[in-house]
Amino acid sequence: MFDLRQLRYFVEVADTLSFTQAAQRLHISQPPLSQQIQSLESDLGVRLFDRTKRRVALTEPGRLFLIEARAILSRADAARALVTEAAAGFTGHLRLAYSVSVSFHPALPETLLRFTQAAPGVSVQLGEMYTGAQYDALLSGQIDVGLLRAEPSGVGNARQLNVEVIDREPLVIAMPAGHRLANRPSLRMSELAGERFIAQPRILAATLYDRLMLLASKARFRPNIRQEAQLVTALLPLVAAGLGLALVPGSLRVVHLAGVAFVPVDDPDANLLLAVASRADNTSPVLESFLRTVRESRVSLGLC
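Mapped onto UniProt numbering, the consecutive letters of the sequence shown carry residue numbers 1 to 304.
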């Protein structure tokens with residue numbers, strides 16, 4: 001049975017109609033080229049070329065075979081490119097989940113932009129998902145990678161997952177623009193004792209909720225949570241309405257909502273983890289390519 005090398009030799013001779021020129025372009029000597037063409041003709045049981053001392057011409061079977069040979073080589077080249085891109089992580093499918101609060105962090109758009117430009121052949125399925133649900137989805141194989149806000153709980157889970165820290169994002173207090181502290185460059189948590197707070201339910205946003213409790217505990221008070229909202233972005237309209245203060249990631253400052261001011265908290269624990277997580281046993285080239293892009297974005301943005 002003929003092989004791809006013989007087809008390439010045949011096409012080159014057919015294009016040049018010269019064994020000498022074809023051999024030069026193929027960087028081989030003429031005798032091996034002639035032998036390969038003869039072997040191809042013997043395998044097919046037809047003459048592909050009429051050869052004399054003065055000229056080389058395609059026979060009718062040769063002209064028909066040239067069409068098929070070009071098509072076979074084209075498909076072979078396409079297949080080679082496809083598997084090469086797949087091995088490099090430039091084609092395939094990626095299921096990515098991210099916490100709602102990550103939507104406003106620059107790492108998300110920066111990473112997606114870089115990745116889609118570098119790997120346009122990868123289909124990326126995006127979905128918002130709280131951190132706890134992301135870890136469950138990773139362990140069950142429902143998603144490939146997550147951008148989330150906390151490290152995994154439990155030794156068993158930690159062993160099954162790879163978690164890389166991207167950023168420790170500063171936390172700020174969202175408050176009504178007319179609040180007494182709204183124009184401060186920063187504030188101490190102790191200055192908020194006695195204030196009303198708005199927060200997400202702990203079952204949905206345990207990391208941010210627990211960080212509020214930690215900061216308040218260090219300042220020797222317990223937050224008076226008067227109102228809850230399901231989404232971190234839904235906290236801001238309630239703040240603007242004067243219903244209370246909210247501890248939120250600093251990246252939410254890009255949400256320019258009238259009547260809301262953001263003031264940083266002067267405390268080394270006033271930050272929120274941003275990490276990328278995946279299963280330790282997932283060796284997909286697409287995933288590896290995405291993780292490389294995350295690291296490049298982290299460096300580009302000057303994080304951690």
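Just so you know, even glycine gets a beta-carbon here, dropped at the ideal spot from N, CA and C.
Contact belief for residue i with residue j at Cβ below 8 Å, rounded distance in angstroms
i: Q160; j: A277; result: Not quite, the Cβ-Cβ distance comes to about 10 Å (not below 8 Å), so this is no contact.
i: G259; j: P176; result: 6 Å
i: residue 320; j: L274; result: Because the chain is modelled from 1 through 304, residue 320 falls outside the range shown and cannot be assessed.
i: A107; j: L301; result: 6 Å
i: T116; j: V124; result: 7 Å
i: D144; j: N282; result: 6 Å
i: P170; j: P268; result: Not confirmed; about 10 Å, so no contact.
Nonlocal neighbours in the same chain, by C-beta distance under 8 Å from residue i, ignoring five residues either side
i: R47; result: E41, T59, P61, G62
i: V232; result: V100, S101, Q200, A205, L208, V248, P249, L252
i: A261; result: A174, M175, P176, A177, H179, A182, N183
Classification of residue i by the beta-carbon crowding that lies within 10 angstroms, buried from 16 upward
i: R211; result: buried
i: L148; result: buried
i: G146; result: buried
i: G226; result: The identity of residue 226 in the sequence shown is Arg, whereas the question assumes Gly. Classification of R226: exposed, given that the 10 Å Cβ count is below 16.
i: T84; result: exposed
i: R298; result: buried
i: L7; result: buried
i: S289; result: buried
i: T131; result: buried
i: D167; result: buried
i: A22; result: buried
i: D15; result: exposed
i: P223; result: buried
C-beta contact flag for residue i and residue j at 8 Å
i: V56; j: L17; result: yes
i: A241; j: L235; result: no
i: F10; j: I28; result: no
i: L82; j: L4; result: no
i: L94; j: V286; result: yes
i: residue 393; j: G244; result: The first residue shown for the chain is 1 and the last is 304, placing residue 393 beyond what the model contains.
i: I198; j: A246; result: yes
i: G13; j: F49; result: Per the sequence shown, the amino acid found at residue 13 is Val instead of Gly. Yes.
i: F104; j: V254; result: yes
i: A270; j: L192; result: no
Span of the alpha helix (DSSP H) around residue i
i: Q38; result: 30-44
i: S217; result: 206-218
i: E288; result: 285-301
i: F115; result: 107-118
i: A22; result: 19-26
i: L96; result: Premise fails: L96 lies in the beta strand (DSSP E), 91-98, not in any alpha helix (DSSP H).
N- and C-terminal bounds of the beta strand (DSSP E) containing residue i
i: F197; result: 196-199
i: V221; result: The displayed chain sequence assigns Phe, not Val, to residue 221. Per DSSP, F221 belongs to no beta strand (DSSP E) and is neither H nor E.
i: G146; result: 145-148
i: L272; result: 271-279
i: Y130; result: It is not in any beta strand (DSSP E) - Y130 carries neither H nor E in the DSSP assignment.
i: R54; result: Where R54 is concerned, there is no enclosing beta strand (DSSP E), given that its DSSP letter is neither H nor E.
i: V13; result: No beta strand (DSSP E) holds V13; the alpha helix (DSSP H) holding it covers 4-16.
Residues of its chain near residue i, where Cβ-Cβ distance is below 7 Å and the 5 sequence neighbours each way are ignored
i: G127; result: A97
i: S34; result: F19
i: Q30; result: F19, T20, A23
Nonlocal neighbours in the same chain, by C-beta distance under 6 Å from residue i, ignoring five residues either side
i: R188; result: D266
i: F2; result: L40, D43
i: E151; result: V163
Residue-level contact to chain B via CB, residue i, 8 Å cutoff
i: L138; result: The chain inventory of the structure shown lacks chain B, comprising one protein chain alone.
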